[in-house]
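Residue numbering for the sequence shown follows the numbering used here, beginning at 543 and increasing consecutively. Here is the structure we will look at.
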Amino acid sequence: MYNLTNLTSATTIQGIVQFANQTTGNLMMALLMISVFFIMLMVLKRWDFDRALLVSSFASFMLTILLVYAKMVNVVWALVFLIMAAFTAFYMVMSKTT
Numbered sequence: 543m544y545n546l547t548n549l550t551s552a553t554t555i556q557g558i559v560q561f562a563n564q565t566t567g568n569l570m571m572a573l574l575m576i577s578v579f580f581i582m583l584m585v586l587k588r589w590d591f592d593r594a595l596l597v598s599s600f601a602s603f604m605l606t607i608l609l610v611y612a613k614m615v616n617v618v619w620a621l622v623f624l625i626m627a628a629f630t631a632f633y634m635v636m637s638k639t640t
């Protein structure tokens, strides 16, 4: 059974979100960022896939950095999005030079 004392003492939406995030072990915000990443990728599908992947991974990285600062996600998620952006940028540079 969960201790709902923190939920009843939450007076703002931020308190409720923090309680839900702590209850799920910081998984709620991580899954939210993965959802935002895929939504941005689908919205940007009118451009080339590599450009859409670069923009969505970099934007997700920036948003995840804000969540890391707020201690809502682990720094590993920010590194995952940064590595995705770096490999995509490297691929774009290498494919343009050949």
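Don't be surprised by glycine CBs; every beta carbon is placed ideally from N, CA and C.
- Taking every protein chain shown into account, the CB of residue 591 has fewer than 16 other CB atoms within 10 angstroms, so this residue is exposed.
- Linking residue 638 to residue 556 through their CA atoms gives a straight-line distance of about 45 Å.
- Membership of residue 593 in the alpha helix (DSSP H) is indicated by the continuous run 591-611.
- In this structure, the CA atom of residue 623 is about 35 Å from the CA atom of residue 550.
- Rounded to whole angstroms, residue 553 and residue 605 show a C-alpha spacing of 25 Å.
- Residue 582 is positioned such that its CB atom lies no closer than 8 Å to that of residue 562.
- Secondary structure of residue 567 (DSSP, three-state): coil.
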